[in-house]
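S.K.: Throughout the sequence shown, residue numbering follows the working numbering, covering 2 to 116 in sequence. From the three backbone atoms N, C-alpha and C, an ideal C-beta is built for every residue, glycine too. Structure incoming, see below.
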Amino acid sequence: MRYAPRMRKARGLVTLVVAAAMVGAASAQPAPPADWRGTGLVLAMLRPPSELHATRPVIVLQHEAIPGLMKEAMTMPFIVASDALFAGLHAGDHVAFALAETPGALLVVSIQRLP
Ligand SMILES: [Cu+2]
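Below, the structure is given as structure tokens:
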């Protein structure tokens, strides 16, 4: 029975390492700070590879005007920083989202469902 506390400690460590690995995977590309914020309706969420992007997740939004960026409401695709942002989201959801300009793309860096 002497080994029991050590086993428990080891199991705790494994859990920690796995959790850290999962966090690392989700934030492989740390999200840059938001430059713009908007609201809209989710039409589609595409995990890569898709017809819109070979390697990056894409969300198609019917968005309202985005102050400072797009004066008009429109429907368009955006590249998403990580498909972890799709968790719990469904087509038809109303969302608030944040965009950041990065060297390669205009990126959605956060998405929140609206009631
Ligand atoms: Cu637009």
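For residue 86, which three-state DSSP category applies?
M.R.: Residue mapping note: residue 86 aligns to position 85 of the sequence shown, counting from 1. Helix.
S.K.: Considering only heavy atoms of ligand 1, list every residue whose Cβ is less than 7 Å from one of them, following chain order.
M.R.: Selection output, chain order preserved: 64, 67, 71, 75 and 77.
S.K.: Cβ atoms of residue 46 and residue 67: under 9 Å apart, would you say?
M.R.: The sequence position of residue 67 within the sequence shown is 66, counting from 1. The sequence position of residue 46 within the sequence shown is 45, counting from 1. Cβ atoms of residue 67 and residue 46: not closer than 9 Å.
S.K.: Relative to the C-alpha of residue 65, which candidate in 38, 54 and 82 has its C-alpha closest?
M.R.: The sequence position of residue 65 within the sequence shown is 64, counting from 1. Of the candidates 38, 54 and 82, the one whose C-alpha sits nearest the C-alpha of residue 65 is 38.
S.K.: Between the alpha carbons of residue 41 and residue 104, how many angstroms are there, rounded?
M.R.: Along the sequence shown, read from residue 1 onward, the residue named residue 41 stands at position 40. Along the sequence shown, read from residue 1 onward, the residue named residue 104 stands at position 103. Roughly 25 Å between the two C-alpha positions.
S.K.: Alpha carbon to alpha carbon, how far is residue 87 from residue 36? Give it in angstroms, no decimals.
M.R.: Counting from one through the sequence shown, the residue named residue 36 turns up at place 35. Counting from one through the sequence shown, the residue named residue 87 turns up at place 86. Cα to Cα, the separation comes out at about 20 Å.
S.K.: Figure out for me which residue from 54, 70 and 85 has the closest Cα to the Cα of residue 100.
M.R.: Here residue 100 refers to the residue found at position 99 of the sequence shown. Closest by alpha carbon: 70.
S.K.: What is the C-beta distance between residue 57 and residue 80, in whole angstroms, given that I count them as a contact (C-beta under 8 Å)?
M.R.: Here residue 57 is taken as the residue at index 56 of the sequence shown, counted from 1. Here residue 80 is taken as the residue at index 79 of the sequence shown, counted from 1. Yes, residue 57 and residue 80 are in contact; Cβ-Cβ is about 5 Å, under 8 Å.
S.K.: Taking the beta strand (DSSP E) that residue 111 belongs to, which residues open and close that run?
M.R.: Translated into the one-based positions of the sequence shown, residue 111 becomes position 110. Element bounds for residue 111: 107-114.
S.K.: Compare the beta carbon distance of residue 1 and residue 44 with 9 Å and say whether it is the shorter of the two.
M.R.: An answer regarding residue 1 cannot be provided, because it is not within the stretch 2 to 116 covered by the chain.
S.K.: Going by beta carbon distance, what residues of the same chain come within less than 7 Å of residue 84, once the five residues before and after it are set aside?
M.R.: Against the sequence shown, residue 84 aligns to sequence position 83. Cβ within range, chain order: 48 and 58.
S.K.: Which stretch, first to last residue, makes up the beta strand (DSSP E) that contains residue 45?
M.R.: Looking up residue 45 in the sequence shown gives position 44. Note, residue 45: beta strand (DSSP E), 37-47.
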